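Residue 3 is where the sequence shown starts when you use this note's numbering, and the numbers rise one by one after that.
Here a beta-carbon is modelled for each residue, glycine too, at the ideal position from N, C-alpha and C.
If you're wondering where the values come from, they're calculated on a predicted model, not measured in any experiment.
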Amino acid sequence: MWIPTKTKKYGVAVYNWRGDTKFGLSLEIGETVQILEECQGWYRGFSTKNRAVKGIFPQTYIYLKNCKVDNEGLFESVVPVEDPVVREVTLVLREWGDIWKKLFVDREVYKFETVGKVMRDLLEWRRQLVSGTLTQDQTRELKLKIIGKIDWGNRKLGLDLVARQGAEMVDPDSMSVVELYQVHVLSAENSQGASSRGTLKKKESKKILTHHLYLCMRDFGHHIGEDTEIFFSLYDAKKQKYISERFLVKISKEGFSNYIEKLHINCTVFTDLGNTDLTKDTYIIAHVMRIGKMLYSESSKKTDKNAPALTQVFKRPHGVAVQNLSDMVSHKDGDSEEKEFTLKVYQGEEKDFHQLHELIIRQTGKYSALSCQPNYGIILSLKLLHGELKQIKEENPLLFKNMSLTNKLGFPDVIMPGDVRNDLYILLEKGEFERGGKSTGKNIEVTILVLDSEKNIVKNCLWGASGLEGTTEYNSMIIYHHNSPSWAENVRLTLPIDKFAGAHIRLEYRHCSTREKNDKKLFGFSFIRLMDKEGAAVLDGQHELYIYKCEDADKLLNCGYLSFPYWSKDCEGNHDAIGTFSRSHKEVVVVKTLLCSTKLTQNVDLLSLLRWKSHPERIQESLQRVLRLGDEELVKFLQDVLDALFALFSTEDGNSTQHSGLVFHVLVSIFSLLDESKFQHFKPVLDAYIKEHFAAALVYKGLLTSVQHCADWVLSTDKQEPIQKCFKSLEYIFKLIIQSRMLFSRATGGQYEDSFRRDLQSVFSALNNMMGIATSVIIPTQVALLLSISAVYELLIDVLPIMEVTKWAVLLLDSLPRELPAQLVQAKLMAIKNLVTSKIFQEDDSRNMLLANACKHLRYHLVHRDELRLCTEILGEILGFLCKQKKHCEEQGKINNCIHHDVDTLCINTFDVLIQTVLAIIDKNITVIGQLVACLIGCLQLFDEFHYKRLWETLMGSSHDRKPLKDFLMRAFLVFRQLVKQEVYPPDWLVIKMVANNVMLKALQELAQPLAFKFLDTRTGYFDKEV
C-alpha cells in the first residue's frame, strides 16, 4: 500500500536505473528526485529535471537528503537544506552541462575545453566543501574561489549575473531596490575580476602597510672545521644601508646538522617591514665568521674530538653571500608561497670585508668563491607574511614557537599603540690607530661594555644579533694586521628606562697576538654617555670618539675618565682636563647610534615641555618649538604631552592662562597628525586617553571659547590654515569638551548646566554666522567645518536633548546661502549624508525634522542638477534605512506611524522632482542614471495607497487644479515607458530588472486611479485624451 512520505521528500540517485518495470522512472546517477509516496522498498515520485513524468524507483538506489518543504500538499515544493554555495554549484553544473554539450556540437573547441576544466574544478571543490574537513578560513577562501569561477563561467556563457553578498546569493525581497542595485554593482565588478583559473580580484579595503619576512636556514654547504657564526640581515642596495638588525645562526665545527638542538633555532622573522623597505633593491646579506685561530689553515678541517680546546679564540671574517628579494617583493600585496634560495659564499680581501656585499651586488669582480669543498652555498627558505604581527602569531602559533624576532632598524610605517620598545643600536663602523713602532699593523679587537650611573657593569644587556641570549660584553671581529679596520658591526643595547640616566658605554681596544698563548693586550678605550644633563638621550648619527691610552684594566674600574669629553661636541666633559688618561690625538673610532624607543626622547624641546614646571619662564618658547617637532616624537609621548598641555591650558579655577591660545594651537596640530595613515591606529589611543586618563574638568570653557574665536576671527586673517585645522579636528575637541563637562558635572552635582548650554549656543551661532559669509577666501574653511560637524552633533546627543541638537544641525544647513560654489555644494551634501547615517537619524522625532530639511535641500539640488551622484547617495541611504525599518515592523506585526509619516515627507517633497530629473537625463549617457532609477523604484516600493492620495492632493492644491497632476502623470508614464524601452541596466542584471518591473506594475495600478476619477467624466463619457 502506497503511503505519502512525511520526512523522506528529497534524494539523489547514486546508481543508474533503466526503469525496466511497470511504471518505472528511469534515473541517471546524480539525478535529484522529489519523493511523494513509499511502499515496501520502493519510492514513487518524479525527477526535478521533468516534474510532469512520475514513476517508481527502488529505495536502495536513492540517497536521502535533508530538505525544507514549502506549501505542503498537492503543490508542495522541496528545497534541500545544505550550504547555499554547495547548492549553487549543483544547480550551475546542471545548467552548464547542457550548454557544454551544445558547445561540443557547435565545435567551439576553446570554450568547450575551458568550461569543461572549470566544471571539473567546481566538482572537486564541491566535494571538498561537502566533506566538512576544512577549517573556517579554508572554507571561506574556497567559497570565494568557487563563486569566482561561477561568475567567470556565467559571463563567458552569456548567462545572467548572480547578485551576491560575499559568497551567497541575495534574496531581493529582503532589501531595498537601492541596496539591490549596490549589490549588483559589486557583483559585476567581482565578476569582471574573475578568471578561468578561479582567481578573484578582491577589492582591497585598505592597502597592506606592514609585512614580515620569515627566514629559515635549511643547510650550510661548507665544511670550515671551526665553529662558525652566520649573521643574516636585510639591506637596501639603493640607499646603501641595513634595514634590520642581524640574526645569528651558530654552526659547530662538526657541521650544520650536528648543531640543530631545538625547533626554530635556525629560523627568524624580520618584523615590521613597510612597503618602502621591500623594493627590487632589497637583499638578504649573510656574513660568515669563523670562531677559532687567528690564522686559518686547511688542517683546521681535520677535526679531532680529543684535541685540547683553544685557550684563545677570535672572531674572524670568512665570507659573504647575498640574495636579491625582488621575486619575494612582487607578492607583497597578497599571499606569497615559501620559496627556497641557494646563496653562494664569496671571499675577498679582509680589509674590504665590511663592503664585500656591495662589491658582490655591483659585480665588481674583486672577490672569489670559497675554495673549500663542498661549496654548494647557504640554503634558505623565505616567505612573506602580511598584516599585524599579533594577528599572524595567532594564525600561526606553531611557526612562532621558540622563534626569535629580528627587529627593523627604526620604527615601522604604522606605529601601533601599546608598542613598547627601548633599543639603542651602536654601529661599530671603523677606526684609525697608530702603528706604535711596529712594522706590521695590529690585530685589534673591540670589547663593548655598558656601565650604569653607579659605575657597575650592567649584565646581559647587549645583543650582537637576535637568535641568542643577551651578553655582558660584545667582542668585535678582528681584521688581521690592519691599523685602519672597518667592522660595520651592529650591536643592540637594551636597558631599563631608569638605568639610562648616568649610564655610559665603554669601548676597550686590545691587540691580539698571533701566538695562541699570549693574552689580549689592552692599549686604549673610548666611551659614550647615553643621556645628557637635561635628560635627552644620545643623538642619532655619527660620533667620532676620542681614544684614551690605557694599558692597565684596573685603572678603568672607578670610571675616572667620565670627567673627560668623549668626543668634540661633548658639553659635559672638561676639554682642558689633565689627569690619569691621556688622549691619543691621531687616533679615532667612528660609531653610529640609532635610538628606537617609545619611552626615551632625544629632543630637548619635548623634554622642556614635559618638565615645564622646572622652567616656567621657557614655556612660550617650548610651545613654539613643539609646533616644529617631528611627528613621531609627539605621537610616542602622546599621553604625557596632552597632560602637560592641559595643565598649561587653564588655571585651577578654569580661567585661561597667557599660554592658552598657543596650547590650543599645539593641540589642534596633534589632532591633525592623527589623520595621517602612519598614525591611524593611534586614534583609539586618543579615545582611550579621553575616557580613562583625561582629568581636566574645567578645560571645556576654554576649548569652547577657542573654537568660537576661530569662527569669529575667520575674516580678520589671511592665514586660514590654523582655523581649517581646528575645524577638521572638531570631533576630538568636542570629545574633550564633553568629557570635561561630564567630569565637572559629576564633581559638582550638575552645576552651571545653563551656562554650559549658553556657551554651546554661542559657539554654534558663531559657526552659523561664519557659514553665511559668501567670500572665496574662507571657502576651504567652510568646507572643513561641514565635513566634520556631523560627528560633533552625534557626540552632543550624550549631553543635550536630541531635538535641540537636531535643531542646531538644521539651522547650520539653512544658514548657507542659496547660490554656492561647487566645493561648498559637495561639502554641504556630504554633511547631509553624514547626518542621515548618524544616530540622530535613527530616533523617530529627530529623523522627522532632519528628513524634512534634507528633502528641502535635495529638492533644490535635483532641480538644478547639482552633484547628482551625492544626491542619489543621500536618497539611497534614506530609502535603505526606511525600507529596513518598515520590514522590521512588518515582521513583528507592528505599525510604525513615524516611518509612515517619513515616507509621506519623502513622497511629497522629492518624488515629483525625482521623476523630472530621471526624465531629463534618461536618454543621456550619464553614469549616475542607474542609481537614480534605483532611488525612484525604491520610493515606489515604499509608497502605499495613502501616500499616493496625499501626493495627488498636494499636486492639485487647495484649488483642485488638475493641470499639475496631469503634468506629473504625463511625466511618470513617459519615465515608465523609457524604462521599459531603454536598457538602463546591463542586459545580464536580470534580478533587479524583474524587481523593478514588478514595482512599476503595482505603481501603475495606483497611477490608474486618478485617471479614472479625475480625468474621466462618467456622466458624459468624456476622457482627457492628452493623458
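key: Proximity winner among 861, 640, 837, relative to residue 852 (alpha-carbon distances)   = The sequence position of residue 852 within the sequence shown is 850, counting from 1. The residue with the shortest Cα to Cα distance from residue 852 is 837.
* What did DSSP end up calling residue 207 once you bin it into helix, strand or coil? -> For the purposes of this step, residue 207 is taken as the residue at position 205 of the sequence shown. Per-residue confidence for residue 207 stands at a pLDDT of 41, beneath the threshold of 50, marking its modelled position as unreliable; the derived number appears in the next sentence. Looking at residue 207 - three-state DSSP - the assignment turns out to be coil, as it is neither helix nor strand.
Can you pull the DSSP bridge partners for residue 529? Position 527 of the sequence shown, counted from the start, is the residue given in the question as residue 529. Bridge partners of residue 529: 508.
**OP:** Identify every run of the beta strand (DSSP E) within the segment 159 to 243, keeping only runs that are complete inside it and at least 3 residues long; order them along the chain.
**Re:** 213 to 223, 229 to 238
**Per-residue burial, residue 1091 [other beta carbons within 10 Å of its own, 16 or more giving buried]** = Here the chain comprises residues numbered 3 to 1029, so residue 1091 is not present and cannot be evaluated.
Simplified DSSP state of residue 553, which is helix, strand or coil
Taking the sequence shown and counting its residues from 1, one reaches residue 553 at position 551. Coil.
Exercise. Give every residue of the same chain whose Cβ lies closer than 6 Å to the Cβ of residue 727, excluding the five residues on either side of it in the sequence, and list them in chain order.
Key: Your numbering for residue 727 matches position 725 in the sequence shown. 670, 674, listed in sequence order.
Please list the terminal residues of the continuous beta strand (DSSP E) segment that includes residue 388. Against the sequence shown, residue 388 aligns to sequence position 386. That run of the beta strand (DSSP E) goes 379 to 388.
*Report all residues from its chain with a CB closer than 6 Å to the CB of residue 898; omit the five preceding and five following residues, and keep chain order.*
Working through the sequence shown from its first residue, we reach residue 898 at position 896. Excluding residues within five positions, the ones whose Cβ falls inside 6 Å are 891.
TODO: Give the DSSP bridge partners of residue 343, in chain order.
DONE: Translated into positions along the sequence shown, residue 343 becomes position 341. Residue 343 is bridged to 382.
Buried or exposed (CB count within 10 angstroms, at least 16 for buried), residue 499 | For the purposes of this step, residue 499 is taken as the residue at position 497 of the sequence shown. The residue is exposed, with fewer than 16 neighbouring Cβ atoms inside 10 Å.
| request: Could you name each continuous alpha helix (DSSP H) segment of 4 residues or more that falls completely within the segment 846 to 930, going from the start of the chain to the end? | output: 846 to 865, 870 to 893, 899 to 923
Next item on the list: Would you mind sorting residue 454 into buried or exposed? The rule is 16 or more other CB atoms within 10 Å of its CB.
Entry: The sequence position of residue 454 within the sequence shown is 452, counting from 1. Label assigned to residue 454: buried.
Thinking C-beta only, is residue 410 closer than 8 Å to residue 274? Position 272 of the sequence shown holds residue 274. Position 408 of the sequence shown holds residue 410. Yes; because the gap between Cβ atoms is below 8 Å, this pair is in contact.
Practice task
Would you tell me roughly how many angstroms separate the C-alpha atoms of residue 816 and residue 789, rounded to the nearest one?
Solution key: Position 814 of the sequence shown holds residue 816. Position 787 of the sequence shown holds residue 789. Looking at the two C-alpha atoms, the distance is approximately 16 Å.
Exercise for the section: In the DSSP assignment, find the unbroken beta strand (DSSP E) run with residue 587 in it and report its ends. Expected result: Looking up residue 587 in the sequence shown gives position 585. 585 to 599 is the span of the beta strand (DSSP E), which, as asked, contains residue 587.
Practice prompt. Compute the beta-carbon to beta-carbon distance between residue 480 and residue 317, rounded to the nearest angstrom, for a pair I have assumed lies under 8 Å.
Written response: Taking the first residue of the sequence shown as 1, we reach residue 480 at position 478. Taking the first residue of the sequence shown as 1, we reach residue 317 at position 315. Rounded, the Cβ-Cβ distance is 7 Å, consistent with contact.
- Following the continuous alpha helix (DSSP H) through residue 269, name the residue where it begins and the one where it ends. Against the sequence shown, residue 269 aligns to sequence position 267. Here residue 269 belongs to no alpha helix (DSSP H); instead the beta strand (DSSP E) covers 269 to 275.
(message) Going by DSSP in three states, residue 122 sits in which element: helix, strand or coil?
(response) In the sequence shown, counting from the first residue as 1, residue 122 sits at position 120. It is helical.
- Near residue 48, what residues of its chain come up, given a Cβ to Cβ distance below 8 Å and the 5 sequence neighbours on each side ignored? One-based indexing of the sequence shown puts residue 48 at position 46. If we look at residue 48 and ignore the five residues flanking it on each side, its Cβ neighbours are 27, 35, 36, 38, 54, 55, 56, 57.
| request: Please state whether DSSP places residue 484 in a helix, a strand or coil. | output: Counting from 1 along the sequence shown, the entry for residue 484 is found at position 482. Coil.
For residue 543, which residues of its own chain have a beta-carbon under 8 Å away from its beta-carbon, when the five flanking residues on both sides are left out?
Looking up residue 543 in the sequence shown gives position 541. The answer, listed in chain order, is 594, 595.
Review point. In whole angstroms, what is the alpha-carbon distance linking residue 720 and residue 803?
Key: Here residue 720 refers to the residue found at position 718 when the sequence shown is read from its first residue. Here residue 803 refers to the residue found at position 801 when the sequence shown is read from its first residue. Computed Cα separation, rounded: 37 Å.
- Message: Determine whether the beta carbon atoms of residue 864 and residue 915 lie at a separation below 8 Å.
- Response: By 1-based counting over the sequence shown, the position of residue 864 is 862. By 1-based counting over the sequence shown, the position of residue 915 is 913. Yes. Within cutoff.
- Message: Taking the straight line between their C-alpha atoms, what separation do you get for residue 939 and residue 978?
- Response: Looking up residue 939 in the sequence shown gives position 937. Looking up residue 978 in the sequence shown gives position 976. Cα to Cα, residue 939 sits roughly 10 Å from residue 978.
Quiz item: Can you pull the DSSP bridge partners for residue 492?
Solution: Stepping through the sequence shown from its first residue, residue 492 is reached at position 490. In DSSP, residue 492 forms a bridge with 429.
inquiry  = Please identify the residue among 547, 367, 456, 957 whose C-alpha is closest to the C-alpha of residue 431.
reply    = Position 429 of the sequence shown, counting from 1, holds the residue named residue 431. Closest by alpha carbon: 547.
**Item:** Cβ shell of residue 873 (< 7 Å), same chain only, five flanking positions each side left out
**Value:** Working through the sequence shown from its first residue, we reach residue 873 at position 871. Same-chain partners within the cutoff: 831, 860, 863, 864.
- Can you tell me the Cα-Cα spacing of residue 12 and residue 992, whole angstroms? By one-based count along the sequence shown, residue 12 stands at place 10. By one-based count along the sequence shown, residue 992 stands at place 990. Taking the straight line from one Cα to the other gives about 29 Å.
Out of 800, 785, 766, state which residue places its alpha-carbon closest to the alpha-carbon of residue 814.
Here residue 814 refers to the residue found at position 812 of the sequence shown. The shortest Cα separation from residue 814 among 800, 785, 766 belongs to 766.
Self-check item: CB of residue 706 within 8 Å of CB of residue 740, strictly
Solution: By 1-based counting over the sequence shown, the position of residue 706 is 704. By 1-based counting over the sequence shown, the position of residue 740 is 738. No, these two residues do not count as a Cβ contact at 8 Å.
Self-check item: With 16 other Cβ atoms within 10 Å as the buried cut-off, status of residue 279
Solution: By 1-based counting over the sequence shown, the position of residue 279 is 277. By the 10 Å Cβ count, residue 279 comes out buried.
Note to self: With distance defined between alpha-carbon atoms, name the residue in 966, 400, 4 nearest to residue 954.
What the structure shows: As a working note, residue 954 is residue 952 in the sequence shown. Nearest of 966, 400, 4 to residue 954, Cα basis: 966.
Per DSSP, residue 46 is paired with what? By one-based count along the sequence shown, residue 46 stands at place 44. Residue 46 is bridged to 39, 58.
Option in 549, 736, 879 with minimal Cα separation from residue 835: For this step, residue 835 is matched to residue 833 along the sequence shown. Comparing Cα-Cα distances from residue 835 to each of 549, 736, 879, the minimum goes to 879.
Buried or exposed (CB count within 10 angstroms, at least 16 for buried), residue 328
The sequence position of residue 328 within the sequence shown is 326, counting from 1. Exposed.
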